[in-house]
Amino acid sequence: MDRSGQKSMTGKFIVFEGADGCGKTTQLRRFYDWLQAKTFPLNGNPWPEPSQIWLTKEPGATSLGKTLRQILLTPTDTDDGVLPTTELLLYAADRAQHVQQVLKPKLLQGHWIVCDRHVDSTVAYQGFGRGLDRALIENLNSIATAGLVSNLTLWLDLPLELSQARRAHRGEADRMEQLDIAFHRRVYEGFASLAAQYPERIVRVDANGSENEVAERIQTIVIERFFSE
Ligand code: TMP
Numbered sequence: 003m004d005r006s007g008q009k010s011m012t013g014k015f016i017v018f019e020g021a022d023g024c025g026k027t028t029q030l031r032r033f034y035d036w037l038q039a040k041t042f043p044l045n046g047n048p049w050p051e052p053s054q055i056w057l058t059k060e061p062g063a064t065s066l067g068k069t070l071r072q073i074l075l076t077p078t079d080t081d082d083g084v085l086p087t088t089e090l091l092l093y094a095a096d097r098a099q100h101v102q103q104v105l106k107p108k109l110l111q112g113h114w115i116v117c118d119r120h121v122d123s124t125v126a127y128q129g130f131g132r133g134l135d136r137a138l139i140e141n142l143n144s145i146a147t148a149g150l151v152s153n154l155t156l157w158l159d160l161p162l163e164l165s166q167a168r169r170a171h172r173g174e175a176d177r178m179e180q181l182d183i184a185f186h187r188r189v190y191e192g193f194a195s196l197a198a199q200y201p202e203r204i205v206r207v208d209a210n211g212s213e214n215e216v217a218e219r220i221q222t223i224v225i226e227r228f229f230s231e
């Protein structure tokens, strides 16, 4: 049995979480390349084969998910485009499809999954951000994941002012990014609260620093978690 209590999942499920503009996608890609580049065992622990390491994301990893992502993130002119409860259900639908079609099959085959966002984003954005009922969200998350829990979730913690500035620098904002600063502050508080609630599963990464510094912090955490003696 591994630390997440999953008996038969021989692979590792690593999730990157954080606010829009925190550097998550850049760091996830760097981490994936770093994992791919090594092959030797460390402290007697085998390193995954390059063909057994998968980069994926929520929303939008499956064919259905790609359509859902477009609906979820395309800005609309009117307020009645996607209502908050509908939004919650669509993220859950994307996750259910992703878990069944990609995550569980790959983990059962012993693959390592590096995933851009998962259940904590729903708690942070739809729960803390939108103010939707936490118990309902937990319920939907548990239906969508069917018992799957990450082995490690890395929360890239960047002060809100910095993440908002980085995001603005990237150009046009998507439907979620367009929400006001108060919404994004609540989302930030949501991630902080989740990290405090689940210290075993969620590890905070100081995302303030150069790309190299943050990448090294992430590598150190992963080596400690999966490759220490
Ligand atoms: P990203 O792929 O660029 O991170 O964009 C995904 C957006 O969707 C981001 O603003 C966070 C948001 N999101 C939610 O609101 N709830 C969720 O459950 C997930 C997975 C993402």
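For this note's numbering, add 2 to where a residue sits in the sequence shown, where the first one is 1. From the three backbone atoms N, C-alpha and C, an ideal C-beta is built for every residue, glycine too. Nothing here was measured: the structure is a model prediction, and the numbers come from that model.
Which term fits Ala126, buried or exposed, when burial requires 16 or more other beta carbons within 10 angstroms of its beta carbon? Under the 10 Å beta carbon count, Ala126 is surrounded by 16 or more other beta carbons and is classified as buried.
Which of the three DSSP states is assigned to Phe15 in this structure? Phe15 sits in a strand when the DSSP states are folded into three classes.
Per DSSP, Cys117 is paired with what? Paired residues: Val17, Thr58.
Please classify Gly112 as buried or exposed, where buried requires at least 16 other C-beta atoms within 10 Å of its C-beta. In summary, Gly112 is exposed, with fewer than 16 beta-carbon neighbours lying within 10 Å of its beta-carbon over all protein chains present.
For Ile145, the nearest candidate out of Ala21, Tyr93, Leu154 (CA to CA): The shortest C-alpha to C-alpha distance from Ile145 to any of Ala21, Tyr93, Leu154 is the one to Tyr93.
Run the proximity test for Thr69: is its beta-carbon closer than 7 Å to any non-hydrogen atom belonging to the ligand TMP? No.
Less than 6 Å between C-beta atoms, sequence neighbours within five positions excluded: which residues of the same chain meet that for Phe18? The residues are Lys26, Leu30, Asp118, Leu156.
Going by C-alpha to C-alpha distance, which of Leu91, Arg172, Leu44 sits closest to Asp135? Comparing Cα-Cα distances from Asp135 to each of Leu91, Arg172, Leu44, the minimum goes to Leu91.
Would the beta-carbon of Arg119 be found less than 7 Å away from any heavy atom of the ligand TMP? Under cutoff, so the answer is yes.
Can you tell me whether Pro77 sits near the ligand TMP, meaning its C-beta is under 7 Å from at least one heavy atom of the ligand? False, no ligand heavy atom lies under 7 Å from that Cβ.
Distance, Phe15 Cα to Ala148 Cα: If I take the Cα positions, the gap works out to 14 Å.
Please confirm whether any heavy atom of the ligand TMP lies closer than 7 Å to the CB of Arg123. The residue asked about is misnamed: residue 123 is Ser in this sequence, not Arg. For Ser123, the distance from the CB to the nearest heavy atom of the ligand TMP is below 7 Å.
List the endpoints of the continuous alpha helix (DSSP H) containing Thr69. Per DSSP, Thr69 belongs to the alpha helix (DSSP H) from 65-75.
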